[in-house]
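Take the position in the sequence shown, starting the count at 1, then add 526; the result is the number in our numbering.
Here a beta-carbon is modelled for each residue, glycine too, at the ideal position from N, C-alpha and C.
The structure presented is a predicted model; accordingly, all values stated were derived computationally and were not measured.
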Amino acid sequence: MTKLSRRNMLQAGAAAGLVPASAALAAGPVNWPPQEGAHTPRICLGVPGNLDEAGMRQLKQIGVDYVLMGGPSRIPWEEAELRARMDRFKAGGITIINMMIGGFNDVIWGKPNADKQIEDVIKSIQAAGKVGLPVVEYNFYAHRLTEGYKEEIGRGGAGLTAYDYELSKNLPPKEGVGTHTKAEQLKRAEHFLKAVVPVAEKSNVRLALHPNDPPVPLSRGNEQIMASVESWKQYLNLFKSPFNGMTFDCGVTREMGEDPVAVCRYLSERDCINHVHFRNVRVRKPYVDYTEVFLDEGQVNMFAVMRELVKHKYPRGLYPEHPRALDIDRQRSIRNQYPGGGGLAAEIYNVAYTKAMLQASLSL
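Following this line, the structure appears as structure tokens:
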């Protein structure tokens, strides 16, 4: 006796002329997957500027079409060098969406070459605009207290990255850096922004300042200017412009004990998000004691964050960063710079999870 199924019934009905033939193959229009476009987040990964063709193929295979990277190590950036890099990635089907700029510590530390370095940053932004680079990311901290990171073992023996301020809070200032107050750094930042943001506006290049991470009170004696949400607002108000924006990191937001969804909404409504870091954490004590975990197991509602970004039609880079240490990467001797950090296999997991969050949000 033939086993009846919905498919058999549809095929039989179609043969008898009772059901349209197309219904035997599909019960309705297929509207999946939801389409990404000009007003949706761009999932990206960080890569070296000299990534080869094989590396680009790996990215394309997992559905990543956008990358970010450090820019040329010397400033000012040259248009020809940027264009060559942009074109090489474009030939591999990859768009560079963000480059990190450095090389202006005298600005941050208030040293003699500050104005010369500001001019070099200005020339770099102008070069970025000429080649169509949409975002330049940067840091503005006197010192980053990475000495408090340690590895923690998570599910199945995977490596996680924990942070404990007690391990490093009493370290002395570093030679050549000294100590700098928040007020001093804000004054220097305002001078910097007044010089570079108008150029960024004319060049159509958005600037993205990454918040202090770890967001500890003092970093080898240095106060921090981006270690709380109130400080973020203060910095953004130094020069109000969509081109003076920031990297919204939902993990850092939770590290500070804040609600990442509410903060994302606040920044999105003001068009202040020029880049996104998408990661999760478990916090034991805000600012000073937490663990960076897999995207699916922390205290950040990653789906709600993604929905907020989609709701506000955020269109720039979204980086599922800080991959966890998996055995498959350990066996290949591929590790991240942070204790408990991983490599390509963990990044593939991050991308897949993030793409699922994005498609689910777009389908609502």
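Item: For Cys798, three-class secondary structure by DSSP; Value: coil
Item: CB of His736 within 8 Å of CB of Gly777, strictly; Value: no
Item: As assigned by DSSP and simplified to three states, the class of Phe892; Value: Residue 892 lies beyond the stretch modelled for the chain, which goes from 527 to 890, so this question has no answer here.
Item: Asn738 and Ala753 closer than 8 Å at C-beta; Value: yes
Item: Beta-bridge partners of Cys776, as assigned by DSSP; Value: BP columns for Cys776 are empty, so no partner.
Item: Classification of His565 by the beta-carbon crowding that lies within 10 angstroms, buried from 16 upward; Value: exposed
Item: Start and end residues, beta strand (DSSP E) containing Arg568; Value: Arg568 to Gly572
Item: Which of helix, strand or coil DSSP assigns to Thr817; Value: strand
Item: Whole-Å CB distance - Pro741 paired with Met782, under 8 Å assumed; Value: 5 Å
Item: Candidates Leu693, Lys656 and Pro768: closest to Trp603 by CA position; Value: Lys656
Item: Rounded C-alpha distance that separates Ile751 from Gly636; Value: 15 Å
Item: Through-space distance from Val836 to Ser887, alpha-carbon basis; Value: 7 Å
Item: Nearest-angstrom beta carbon gap, Thr687 and Gly866 [assumed within contact, 8 Å]; Value: 4 Å
Item: Other residues of its chain near Trp558: CB distance less than 7 Å, five sequence neighbours each side excluded; Value: none
Item: Beta strand (DSSP E) segment containing Arg896, residue limits; Value: With the chain covering 527 to 890 only, the question about residue 896 has no answer from this structure.
Item: Residues that His803 bridges to, as DSSP identifies them; Value: Asp775 and Tyr845
Item: C-alpha distance - Pro849 paired with Val703, whole-angstrom precision; Value: 30 Å
Item: Rounded C-alpha distance that separates Glu784 from Val755; Value: 8 Å
Item: Environment of Ala654 [buried if 16+ CB atoms lie within 10 Å]; Value: buried
Item: For Val662 and Ile622, believed in contact at Cβ under 8 Å, the rounded distance; Value: 11 Å between Cβ atoms; not a contact.
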